[in-house]
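199 is the number of the first residue of the sequence shown in the numbering used here; add one for each residue after it. Ideal Cβ placement from N, Cα and C applies to all residues, glycine included. Scroll down for the structure; my scribbles are underneath it.
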Amino acid sequence: MRHLRRGEALFDVREEMVAEAPLPVAYAIGNALLQINIEVRHMYGLKPVDMLALHVLIVAGAQRTMRLAGRGVPLKRKLAVPPEERGTLSRRAIAQVLDLPFETVRRATARLMAQGLITERCRGKLVVTDKVVDPESFIPFLAEIAKRWTATTERLAELGVVRLI
């Protein structure tokens with residue numbers, strides 16, 4: 199397996215090929231995104247706005263873990279990151295990221311809390327619970343997303359949009 203250095207690319211995107219086949223490219227990417235979003239909604243039984251808020255919190259947690267790893271803190275290879283080490287966000291920050299009214303985000307996060315998917319750690323800081331990152335369901339789901347993105351990348355390669363460098 200080839201290991202990339204920071205900033206090194208494995209693939210090259212050829213914009214001129216996107217211009218030659220914009221509809222097949224949009225279909226390949228859009229179809230993968232739509233399928234993933236639908237699966238997440240069904241996996242957790244969420245409304246679209248709830249899913250977006252949850253997604254932002256999951257990514258915030260992953261970003262915090264990766265930033266710490268970049269500062270020399272050992273990266274845990276396991277999914278089970280203790281709750282106190284997970285990244286948090288306020289409702290206001292989620293509203294800003296998603297460009298949604300605060301009240302919409304407040305209602306969405308209240309529903310997520312009622313389902314046990316997020317919790318309030320302290321002073322309005324929200325974090326995902328173990329229920330969200332349960333290895334029994336989350337690991338197979340991540341593997342399925344990776345397979346879908348691989349298939350999408352292969353389709354883009356067939357279209358000449360992406361090439362291995």
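Name the DSSP bridge partner or partners of residue i?
i, result
"ASP210", "ARG361"
"LYS323", "CYS320"
"LEU221", "LEU221 is not bridged to any residue."
"LEU287", "LEU324"
What residue does the alpha helix (DSSP H) around residue i start on, and which one ends it?
i, result
"GLY314", "It is not in any alpha helix (DSSP H) - GLY314 carries neither H nor E in the DSSP assignment."
"PRO299", "Premise fails: PRO299 is in no alpha helix (DSSP H) and is neither H nor E."
"LEU340", "333–356"
Report the option in the options whose CA atom is closest to the CA atom of residue i.
i, options, result
"ALA293", "ALA251, GLU237, PRO333", "ALA251"
"THR350", "GLU214, VAL223, TYR242, GLY322", "VAL223"
"ARG289", "VAL254, PHE209, ASP210", "VAL254"
"VAL238", "TRP347, VAL330, GLU356, VAL360", "VAL330"
"THR286", "ALA344, ILE316, PRO333", "ILE316"
"LEU231", "GLU214, ARG309, ARG304, LYS345", "LYS345"
"HIS240", "ARG319, ALA308, PHE339, GLU214", "PHE339"
"GLY322", "ILE337, VAL303, ALA207, LYS245", "VAL303"
So, for residue i: in the same chain, excluding its five sequence neighbours on each side, which residues have a beta-carbon less than 6 Å away from its beta-carbon?
i, result
"ARG353", "ALA226"
"ALA306", "VAL247, ASP248, ALA251"
"ARG284", "GLY259, VAL325"
"ARG309", "ASP248"
Could you confirm whether any beta carbon from chain D is found closer than 8 Å to the beta carbon of residue i?
i, result
"GLY205", "Judged by its chain identifiers, the structure shown contains no chain D, having just a single protein chain."
Under 8 Å Cβ to Cβ from residue i, same chain only, skipping five residues before and after it: list those, please.
i, result
"VAL360", "PHE209, ASP210, VAL211, ARG212, THR351, LEU354"
"GLY243", "GLN313"
Quick one: what's got a C-beta closer than 7 Å to residue i's C-beta in the same chain, skipping five residues either side?
i, result
"ILE343", "ILE234"
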